[in-house]
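Okay, structure first, notes after.
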Amino acid sequence: MELKDFQAFIHVADHLSFTKAAEHSYISQPSLSKSVKRLEEELNVILFNRSTRSLRLTDAGDIVYEQGQQILQLLGELPVLLEDLAEGVSGEIKIGMPPLIGTLFFPQIAKSLSKNYPHIKIELHELGAKVVEELVDKGQIDAGIIVLPTDQDVFQVQPFISDKFYLFVHSDHPFAKRDAVALSELKDEQLILFSKSFALHHYIIGACKEVGFNPTISYESSQWDLIIELVAAKLGITLLPQSISTKFTNENIKMISLQEPPLLWKLGIVTKKNSYHSFALKKFMQMF
């Protein structure tokens, strides 16, 4: 079944005349007749009643005419849809990130994407960085924003942002009177950390070990706001990126600079190496 036969049939059906159809379509009348005949043979139906002075559509012709118009309309829209897709103005991308990263940065990401590409939709997955890495590796999500470093043999990494870690303590804590604290001074403190499924958990423990001590962990949570509330309840102290300070207003919390060594929170956007990138994903990546 050829497209030109459908088009010829539609032309004839529009005018109910081979002669008029030929005049308007610039296709010869014999060619139109052959196309209609070929379509009738392929569908095994009669499309026109030719026994009257003027052509009339048969019942089968009515159905084919109605469906044929829809087919031609859809085919006409196809190049436009593909062009939109190629320009990245439509599509859906699945992005994973830890809740803390989502809280700090996702609203601005979503706002920028909506402004530049309003028809690209994001399906957000808030999970620990390690889980996000696994899902990207398995192809279950398109990209992730995670804490670096990561395995660059597996992932393509695009730097996203860098932030400093600060110490967060209750205002009654002895450290609250200080402007700066060395990481090694935390060896006798009760630390409140993110859960083990979060990269920050392992990063902070690793940093503590590098300066000579294994930290004592009093509580773990997957929610940054709960961690802050536990600090406010004097149940421990925590290390968090400086940018989190813009998200809470608890006057009982003091933020102190961390020195010797300073800890950096480096984030990157990761995709699986050598994997297919949709047009929507490419446009998303180009925003950063």
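Residue numbers for the sequence shown, in the working numbering: 6 to 293.
Cβ atoms here follow ideal geometry from the backbone N, Cα and C, with glycine treated the same way.
Nothing here was measured: the structure is a model prediction, and the numbers come from that model.
Among the options, the one whose alpha carbon lies nearest that of residue i
i, options, result
"H282", "K192, I233, V136 and I98", "I98"
"S33", "H16, E47 and A148", "H16"
"F289", "K116, E131, L37 and D184", "K116"
"V162", "S280, S40 and F14", "S280"
"I249", "K120, L105, T63 and I242", "L105"
"I274", "I209, Q145 and V137", "V137"
"T155", "K271, G241, K25 and I242", "K271"
"T251", "I222, A212, E128 and L109", "L109"
Euclidean distance between Cα positions of residue i and residue j
i, j, result
"D230", "I151", "19 Å"
"Q78", "P84", "11 Å"
"D142", "D158", "11 Å"
"K9", "S56", "25 Å"
"G66", "L52", "4 Å"
"G149", "E225", "23 Å"
"L268", "F170", "5 Å"
"R43", "A13", "11 Å"
Assigned secondary structure, residue i (DSSP; H/G/I helix, E/B strand, else coil)
i, result
"L60", "coil"
"L244", "strand"
"Q113", "helix"
"K169", "strand"
"Y70", "helix"
Closer than 7 Å: residue i CB and nearest the ligand NAD heavy atom
i, result
"Y224", "The model depicted lacks the ligand NAD and carries no ligand whatsoever."
Delimiting residues of the alpha helix (DSSP H) encompassing residue i
i, result
"S30", "F23 to S30"
"H207", "A204 to E215"
"K9", "L8 to H20"
"A134", "A134 to K143"
Span of the beta strand (DSSP E) around residue i
i, result
"F199", "Q195 to F199"
"T271", "Per the sequence shown, the amino acid found at residue 271 is Lys instead of Thr. Residues L269 to K277."
Notebook entry, point to check: Do the segment 250 to 270 and the segment 177 to 184 touch if we need at least three Cβ pairs shorter than 8 Å?
Noted result: yes
Next item on the list: Spell out a yes or no on whether the segment 180 to 193 and the segment 210 to 220 are touching, meaning 3 or more CB-CB pairs, one atom from each, closer than 8 Å.
Entry: Contact between the segment 180 to 193 and the segment 210 to 220 is present: three or more C-beta pairs spanning the two stretches fall below 8 Å.
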